[in-house]
Amino acid sequence: MMYPTKTALILLDKLAPWQKVNVSAFLTGGLMHGYPEMAGEPYKDNDDNFYLAMIREPVFVYGADSQTIRRTFERARSRGMAFSIYTRPLFVTNNDADNRASVAATPAAGLDIVGLGLHGDRKRIDKIVNGLKFLA
Numbered sequence: 000m001m002y003p004t005k006t007a008l009i010l011l012d013k014l015a016p017w018q019k020v021n022v023s024a025f026l027t028g029g030l031m032h033g034y035p036e037m038a039g040e041p042y043k044d045n046d047d048n049f050y051l052a053m054i055r056e057p058v059f060v061y062g063a064d065s066q067t068i069r070r071t072f073e074r075a076r077s078r079g080m081a082f083s084i085y086t087r088p089l090f091v092t093n094n095d096a097d098n099r100a101s102v103a104a105t106p107a108a109g110l111d112i113v114g115l116g117l118h119g120d121r122k123r124i125d126k127i128v129n130g131l132k133f134l135a
């Protein structure tokens with residue numbers, strides 16, 4: 000099934016494996032909050048045990064260097080996208096309030112972005128991620 004929307008994560012390719020997984024989880028959580036229509040239906044097994052819904056469509060994960068993440072960030076901003084970000088300083092904070100304070104204290108040009116989460120019209124997302132390669 001081809002969805003009219005697309006979800007993409009862009010991760011700094013030099014992150015440690017645990018950081019890539021952690022950043023992916025945070026970015027996806029942000030997207031689900033901003034785009035609740037991303038959620039599918041809850042699951043139920045044959046024994047009538049219920050499970051929470053997951054994202055209804057594939058998530059495309061791209062790897063990029065710092066310069067490419069910055070370019071992608073600017074492409075998304077210039078198109079008026081609402082998207083999630085993860086910055087390097089968030090690896091040393093330990094709660095949401097400190098995370099938000101860290102981002103709030105930094106001008107957009109100074110954000111050390113290690114991850115972006117995008118969701119929207121497929122063609123619009125394709126233009127933003129144009130030239131990126133899937134995370135290896």
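In numbering that gives the first Met the number 0, the protein residues as written are 0 to 135.
C-beta: ideal position from N, C-alpha, C; glycine also.
Quick caveat: nothing in here was measured; it's all calculated off a predicted structure.
When 1, 131, 2 are compared against residue 67, the one with the closest alpha-carbon
131
Residue 72 versus residue 2 - alpha carbon distance:
23 Å
Would residue 111 and residue 86 qualify as a contact pair, given that the criterion is a beta-carbon distance under 7 Å?
Between residue 111 and residue 86, the gap from beta carbon to beta carbon is short of 7 Å.
In terms of alpha-carbon separation, which member of 62, 35, 61 lies closest to residue 52?
35
Just to confirm, is the Cβ distance from residue 128 to residue 15 under 7 Å?
no
In this structure, does DSSP put residue 117 in helix, strand or coil?
strand
Given this structure, state the Cα-to-Cα distance separating residue 40 from residue 10, to the nearest angstrom.
28 Å
In chain order, what residues of the same chain lie with their CB nearer than 7 Å to the CB of residue 19, ignoring the 5 residues before and after it?
10
I need the DSSP call for residue 133, collapsed to helix, strand or coil.
In the three-state DSSP reduction, residue 133 falls in the strand class (E or B).
What span of residues does the beta strand (DSSP E) with residue 62 cover, start to end?
58-63
Given residue 96, which residues of its chain have a CB within under 7 Å of its CB, disregarding the five upstream and five downstream residues?
none
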